[in-house]
Amino acid sequence: MPIKKQLLKALHGQSDVCIGCAAFTVIWTLQKSGHSYFLRFAEQRFCEGEPAQYDPTFNGPIRKRGCTDIICCVLFMVVILGYMAVGILAWLYGDPRHVLYPRNSTGMFCGIGAQPSVFYFDILKCATSINVMAAVLNGLQCPTTQVCVEKCPDVFWALNPLAYLPEAKPQDYFNQSLCVPSFDLASTKLNVKEIVDQELCPFFYTPTISGECTLSVITSINRSFPGLSCSDIVNGFNAKEIGVRIFEDFASSWQWIIAALVIAMVVSFLFLLLLRFIAPVMVWVLIFGVLAVGAYGIYHCWWEYDNYRKSTVSITDIGFTTDFKVYLQVKETWLAFLIIISVVEGILLLTLIFLRTRILIAIALIQESSKAVSHMMSTLFYPLVTFVLLVVCVAYWGITALYLATSGIPVYKVVTLNSTQGNCGQIGGNVTCDPQTFYNSTDYSWCPSARCIFIKYNNEGLLQRNLFNLQIYNVVAFLWCINFVIALGQCTLAGAFASYYWAFSKPSDIPTFPLSQAFIRTLRYHVGSLAFGALILTLIQVVRIILEYLDHKTRAAQNPCARFLMCCLKCCFWCLEKFIKFLNRNAYIMIAVYGKNFCVSAKNAFMLLMRNIVRVVVLDKVTDLLLFFGKLLVVGGVGVLAFFFFSGRIRLPGSNFRTEMLNYYWMPIIVVVVGAYLIAHGFFSVYNMCVDTLFLCFLEDLERHDGTMQKPYYMSKNLMKILNKKNKGPKKGKGKD
18 MPIKKQLLKA
28 LHGQSDVCIG
38 CAAFTVIWTL
48 QKSGHSYFLR
58 FAEQRFCEGE
68 PAQYDPTFNG
78 PIRKRGCTDI
88 ICCVLFMVVI
98 LGYMAVGILA
108 WLYGDPRHVL
118 YPRNSTGMFC
128 GIGAQPSVFY
138 FDILKCATSI
148 NVMAAVLNGL
158 QCPTTQVCVE
168 KCPDVFWALN
178 PLAYLPEAKP
188 QDYFNQSLCV
198 PSFDLASTKL
208 NVKEIVDQEL
218 CPFFYTPTIS
228 GECTLSVITS
238 INRSFPGLSC
248 SDIVNGFNAK
258 EIGVRIFEDF
268 ASSWQWIIAA
278 LVIAMVVSFL
288 FLLLLRFIAP
298 VMVWVLIFGV
308 LAVGAYGIYH
318 CWWEYDNYRK
328 STVSITDIGF
338 TTDFKVYLQV
348 KETWLAFLII
358 ISVVEGILLL
368 TLIFLRTRIL
378 IAIALIQESS
388 KAVSHMMSTL
398 FYPLVTFVLL
408 VVCVAYWGIT
418 ALYLATSGIP
428 VYKVVTLNST
438 QGNCGQIGGN
448 VTCDPQTFYN
458 STDYSWCPSA
468 RCIFIKYNNE
478 GLLQRNLFNL
488 QIYNVVAFLW
498 CINFVIALGQ
508 CTLAGAFASY
518 YWAFSKPSDI
528 PTFPLSQAFI
538 RTLRYHVGSL
548 AFGALILTLI
558 QVVRIILEYL
568 DHKTRAAQNP
578 CARFLMCCLK
588 CCFWCLEKFI
598 KFLNRNAYIM
608 IAVYGKNFCV
618 SAKNAFMLLM
628 RNIVRVVVLD
638 KVTDLLLFFG
648 KLLVVGGVGV
658 LAFFFFSGRI
668 RLPGSNFRTE
678 MLNYYWMPII
688 VVVVGAYLIA
698 HGFFSVYNMC
708 VDTLFLCFLE
718 DLERHDGTMQ
728 KPYYMSKNLM
738 KILNKKNKGP
748 KKGKGKD
């Protein structure tokens, strides 16, 4: 056997050459014979103990990689450290209880401890105080007394008129549990009128509506706001009750919801695996189905045109009308439809004839992608890692924003609701107060309508003065982290699938843990490149956010020309974002294959795709067609099954579940449909990444190799058959053993 052929088979695992003592002999023989290409392959195969991964640029295995875009990597790490510092500062100085829990008039939090509810003495003042509060620094607290209570009232009650008599004792008429906590009925020297005027105790209340402690009567609200019906108010209060019922539906049907989502996962998994067998049939059936629909459209238009051919009514006689059915009774309408559909049908036929080879290539790549996924099952579950990382980023951003928003000390100021009462007009809007001591003091006893109202959070101090800048930093760092996580997932999957394509002998040359190796390799060498691409996308997204903000703020003052210009800018940056996402995706594939920096990889990927633009379009559309059909199959099938089950149209034998157990049977159906779509999208996104990776590798393989011994093709035999390509074997001759 010739030495080249013997060594080639040995190195590709096609013979029984042992990797023990034979390793030295093979490498020594290669050194003597001067076969540098096989020598590098053998050194990695035997000496390093791992399958060779080919670099199509140098026609040999990838030996070493270097860190790429180090400056951007350092910048990203600095931003992450700064982001952590912002989170720590927000954690130290923020208090989310200001947002999560209501406060009573004395500044205490309700909802913590034994008093979970807040009781408003007069809820009408919250609605009628807009002008009052606008004049006092836009205060945020309702200008009526609020107290924390253990239980909201469940009966109607109004103060007895006898309580206003001089000899009446307040403790005989008021409920201490609903009064201001610092106010003691037993020891007070105030009479009932003074207590009511200062809102130290309520003078009437109504039963709780859906758990809300409100004092105002529905009819009173209706009289105050004639445009607001009682049913609207009751429906608003019933929102919490509806939420409770939906939660009960989830509690009684969660097992079946999970079962439906598992079915969606299994169907998605089987669909991807079966594409290697059914992809050609599905593609051609869908293509000829579209042509058949077009042919029927031509026939139907001709038939309708023939029926109205003798009609004397023309489209000019009808003119313009909103009744479009009239136009369907005119021959000119059907003639126009006939011409349009015939032109489209002709274009589709010519496209099919001239692009049939490229369609076959697309089908072969889809089949090869299905094989790659079947050899790397773990890649289908990698979206779970991306999902977890995205959840962490979103949670960190939300918590940091919440703590930053509440990092200042609450500022309370004295507000009067009636400036004409007594000397209340002397109260300005800049007098601060402490709600915990305000109602026990006599400083403002000369103004019964004086209130200590929450205005804002203190903005004094270095941290508070830079809260807006820190919130902007929080948003920018959040977007950068989100885009980096997505880029990490794309590059990791691309590295795994590229190792499949560049394995000369499949599956023996595929690395043992391709996904783990690709993940570690990406984090070790290419964090800077991923951060670079994510930063470009982040800057564009920031510009889009700014444009949306400006459009929202200036919409009322814009003239038609300004609105048109704003729409053009928003459209341009939307298109730019889509293009950058497309470019980044392919750049990450080239980074995973070659290990070069972002700019070089993006340039090489873009030029490679432009040289094969027709193949790109055909593959993209064929893949989109198949994946759309797959999503429709998964979501539609599981959704229909869930509808028949949760609506009670089908029953499982031995199941205790009944439709009568649900308040709203459509709620679990919606959850199942949304969940099935997310599952199918997660599975198919991996498959789509596999197709794109193998496609770029295929184009590189086709441009850089010629099938010779020195430059063999790595594409599948099916692809070589479609392109009339083949690898040339060694010349026959006598070799030295």
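Residues in the sequence shown are numbered consecutively from 18, following the working numbering. Built from N, CA and C at the ideal position, the CB exists for glycine as well. Just so you know, these numbers come straight off a predicted model, no measurement behind them.
> Between the beta-carbon of Phe-173 and the beta-carbon of Pro-219, is there less than 8 Å?
Replying inline: Not in contact: Phe-173 and Pro-219 (Cβ atoms no closer than 8 Å).
> What are the start and end residues of each continuous beta strand (DSSP E) run of 3 or more residues lying completely inside the segment 370 to 456, in chain order?
Replying inline: DSSP runs (the beta strand (DSSP E)) wholly in the segment 370 to 456: 427 to 433.
>> Considering Cα atoms alone, identify which of Met-624, Gly-314, Tyr-344 and Leu-401 is closest to Ile-358.
In response: Of the candidates Met-624, Gly-314, Tyr-344 and Leu-401, Gly-314 places its Cα closest to the Cα of Ile-358.
> Closest to Val-785 by CA distance: which of Leu-421, Phe-660, Asn-447 and Pro-170 is it?
Replying inline: There is no way to answer for residue 785, as the model of the chain reaches only from 18 to 754.
>> For Asn-705 and Leu-644, which I take to be in contact (beta-carbon distance under 8 Å), what is that distance rounded to the nearest angstrom?
In response: Yes, Asn-705 and Leu-644 are in contact; Cβ-Cβ is about 6 Å, under 8 Å.
> Using the C-alpha atoms, what's the distance from Glu-385 back to Gln-534?
Replying inline: One C-alpha to the other measures close to 21 Å.
> In terms of residue numbering, what span does the beta strand (DSSP E) encompassing Ser-702 cover?
Replying inline: Not the beta strand (DSSP E): Ser-702 falls in the alpha helix (DSSP H), residues 683 to 721.
> Should the segment 388 to 395 be regarded as contacting the segment 305 to 314, the criterion being three or more beta carbon pairs within less than 8 Å?
Replying inline: At 8 Å Cβ cutoff, the stretches do not touch.
>> Among Phe-200, Arg-561 and Leu-716, whose alpha-carbon lies nearest the alpha-carbon of Val-633?
In response: Sorting Phe-200, Arg-561 and Leu-716 by C-alpha distance to the C-alpha of Val-633 places Leu-716 at the top.
> Under three-state DSSP, which class holds Lys-598?
Replying inline: DSSP places Lys-598 within a helical segment (H, G or I) once states are collapsed to three.
>> Is there a Cβ of chain D sitting closer than 8 Å to that of Asp-189, yes or no?
In response: This model lacks chain D altogether; it includes just one protein chain.
> Out of curiosity, what's the CA-to-CA distance linking Arg-561 and Asn-486?
Replying inline: Their Cα atoms are separated by approximately 18 Å.
> Three or more C-beta pairs closer than 8 Å, one from the segment 552 to 566 and one from the segment 423 to 433: is that the case here?
Replying inline: At 8 Å Cβ cutoff, the stretches do not touch.
> Between Lys-743 and Met-737, what straight-line distance do the alpha-carbon atoms span, to the nearest angstrom?
Replying inline: When only Cα atoms are considered, Lys-743 and Met-737 end up about 6 Å apart.
> CB Leu-289 to CB Phe-700, shorter than 8 Å?
Replying inline: In contact: Leu-289 and Phe-700 (Cβ atoms closer than 8 Å).
>> Strictly by DSSP, which residues pair up with Trp-174?
In response: Bridge partners of Trp-174: Tyr-222.
> When we look at the beta-carbon of Glu-565 and count the other beta-carbons within 10 Å, is it buried (16 or more) or exposed?
Replying inline: Exposed, by the Cβ-count rule.
> Under 8 Å between the Cβ atoms of Pro-187 and Tyr-222?
Replying inline: No, the Cβ-Cβ distance between Pro-187 and Tyr-222 is not below 8 Å.
> At what residues does the alpha helix (DSSP H) containing Cys-127 begin and finish?
Replying inline: DSSP places Cys-127 in no alpha helix (DSSP H); its state is neither H nor E.
>> For a quick check, are the C-beta atoms of Val-164 and Asn-192 less than 8 Å apart?
In response: A distance of 8 Å or more separates the beta carbons of Val-164 and Asn-192.
>> Between Ala-381 and Asn-735, how many whole angstroms is the CB-CB distance? I'm expecting something under 8 Å.
In response: Ala-381 to Asn-735, Cβ: 5 Å. Contact.
>> I want to know whether the segment 618 to 625 touches the segment 577 to 593 - three or more CB-CB distances under 8 Å.
In response: With a cut-off of 8 Å, the segment 577 to 593 and the segment 618 to 625 do not count as touching, because too few Cβ pairs lie within range.
> Under the rule that 16 or more other beta-carbon atoms within 10 Å means buried, what is Lys-613, buried or exposed?
Replying inline: Its Cβ being crowded by 16 or more others within 10 Å, Lys-613 is buried.
>> By the DSSP assignment, the alpha helix (DSSP H) with Cys-616 in it spans what residues?
In response: First-last of the alpha helix (DSSP H) with Cys-616: 615 to 628.
>> Are the CB atoms of Leu-679 and Phe-663 within a distance shorter than 8 Å?
In response: In this structure, the beta-carbon distance from Phe-663 to Leu-679 falls below 8 Å.
> What do you get for Ser-285, buried or exposed, if any count of 16 or more other CB atoms within 10 angstroms of its CB means buried?
Replying inline: By the Cβ-count criterion, Ser-285 is buried, with 16 or more other Cβ atoms from all chains shown falling within 10 Å of its own Cβ.
> Where do the ends of the beta strand (DSSP E) carrying Gln-163 lie?
Replying inline: Note, Gln-163: beta strand (DSSP E), 163 to 166.
> In terms of DSSP beta bridges, what is Arg-120 paired with?
Replying inline: For Arg-120, which the question treats as bridged, DSSP gives the partners Phe-126.
> Under the three-state reduction of DSSP, which class applies to Ser-134: helix, strand or coil?
Replying inline: DSSP places Ser-134 in strand when its eight states are reduced to three.
> In the structure shown, what three-state DSSP assignment does Cys-196 receive?
Replying inline: Of the three classes helix, strand and coil, the one that applies to Cys-196 here is coil, per DSSP.
> Between which two residues does the alpha helix (DSSP H) carrying Ala-513 extend?
Replying inline: Where Ala-513 is concerned, the enclosing alpha helix (DSSP H) stretches over 484 to 518.
>> Going by DSSP in three states, Ala-203 sits in which element: helix, strand or coil?
In response: DSSP places Ala-203 outside both helix and strand once states are collapsed to three, so it counts as coil.
> Rounded C-beta distance between Thr-417 and Asn-491? I'm assuming under 8 Å.
Replying inline: Rounded, the Cβ-Cβ distance is 5 Å, consistent with contact.
>> Can you list, in chain order, the residues of its chain with a C-beta nearer than 8 Å to that of Pro-119? Leave out the 5 residues immediately preceding and following it.
In response: Excluding positions up to five away in sequence, the list reads Phe-126, Cys-127, Gly-128, Val-135 and Gln-163.
>> Any contact between the segment 678 to 695 and the segment 269 to 286? By contact I mean 3 or more CB pairs, one from each, below 8 Å.
In response: By the Cβ criterion, the segment 678 to 695 is in contact with the segment 269 to 286, since at least three pairs of Cβ atoms, one from each stretch, lie closer than 8 Å.
>> Suppose you measure from the CA of Val-302 to the CA of Ile-295; what does that come to, to the nearest Å?
In response: Here the alpha carbon of Val-302 sits roughly 10 Å from the alpha carbon of Ile-295.
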